[in-house]
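According to my numbering, the sequence shown is numbered sequentially starting from 155. Report on the following structure.
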Amino acid sequence: MTHYGDYTQRQTGMYRITTMLNDAQAVQAIATCRHKSFCLKRRLWTVEGLPTDYVTEKSLIPCLEPCALLLEFARKAMRIEQQPKLELSMDDMATIVRALQTALKHPALEVREADFNAPDSPRRICLVLEKLQTALKLASPMETE
Ligand code: SF4
Numbered sequence: 155m156t157h158y159g160d161y162t163q164r165q166t167g168m169y170r171i172t173t174m175l176n177d178a179q180a181v182q183a184i185a186t187c188r189h190k191s192f193c194l195k196r197r198l199w200t201v202e203g204l205p206t207d208y209v210t211e212k213s214l215i216p217c218l219e220p221c222a223l224l225l226e227f228a229r230k231a232m233r234i235e236q237q238p239k240l241e242l243s244m245d246d247m248a249t250i251v252r253a254l255q256t257a258l259k260h261p262a263l264e265v266r267e268a269d270f271n272a273p274d275s276p277r278r279i280c281l282v283l284e285k286l287q288t289a290l291k292l293a294s295p296m297e298t299e
């Protein structure tokens with residue numbers, strides 16, 4: 155079965171950067187991009203730390219290797235990782251989480267599915283949410299679900 159690391163190692167040019175995501179970053183990007191709200195294909199290719207898709211949550215159509223959309227999303231995710239980071243308080247993070255959850259319920263209709271340069275791309279919003287929720291859980295495991 156295809157593995158994310160092996161597949162991205164074979165990429166050249168602009169997609170070579172997708173090899174630079176570490177396992178945790180790759181899992182966040184893949185989990186977001188293949189989420190059932192965005193893609194109903196059942197992912198059968200692998201990456202450390204993320205089980206393949208369960209048949210109960212996806213269609214029977216198999217996904218045997220990362221698609222062009224996934225590669226583009228992984229490329230953008232790595233570009234974002236390379237940017238300088240800002241510090242936020244936990245309460246500010248919680249506010250942003252709530253705002254992003256609201257934004258996901260009212261997605262911008264004019265954003266094209268593969269336009270990951272758009273800050274309001276639903277997949278990008280999901281990726282930020284995932285990062286913030288993970289950070290909040292790590293910072294305060296007793297206070298968050
Ligand atoms: S690689 Fe593409 S087609 Fe396959 S599960 Fe992910 S988003 Fe869907």
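By construction, the Cβ of each residue, glycine as well, lies at the ideal position given by its N, Cα and C atoms. All values reported here derive from a predicted model rather than from experimental measurement.
| Check | Outcome |
| --- | --- |
| Contact the region 206 to 215 vs the region 232 to 239: 3+ CB pairs below 8 Å | no |
| Start and end residues, alpha helix (DSSP H) containing residue 279 | 276 to 293 |
| Alpha-carbon spacing of residue 257 relative to residue 276, whole angstroms | 8 Å |
| Cβ neighbour criterion (16 or more within 10 Å) applied to residue 278 | buried |
| Buried or exposed (CB count within 10 angstroms, at least 16 for buried), residue 291 | exposed |
| Residue 156 vs residue 218 beta-carbon contact at 9 Å | yes |
| Beta-carbon separation (whole angstroms), residue 216 vs residue 195, contact threshold 8 Å | 7 Å |
| Near ligand 1: residue 264 beta-carbon under 8 Å from a heavy atom | no |
| Where the alpha helix (DSSP H) through residue 184 begins and ends | 177 to 187 |
| Alpha-carbon to alpha-carbon, residue 250 and residue 176 | 25 Å |
| Buried or exposed (CB count within 10 angstroms, at least 16 for buried), residue 214 | exposed |
| Residue 103: first and last residue of the uninterrupted alpha helix (DSSP H) it sits in | What the structure shows of the chain is the stretch from 155 to 299, and residue 103 is not part of that stretch, so it cannot be assessed. |
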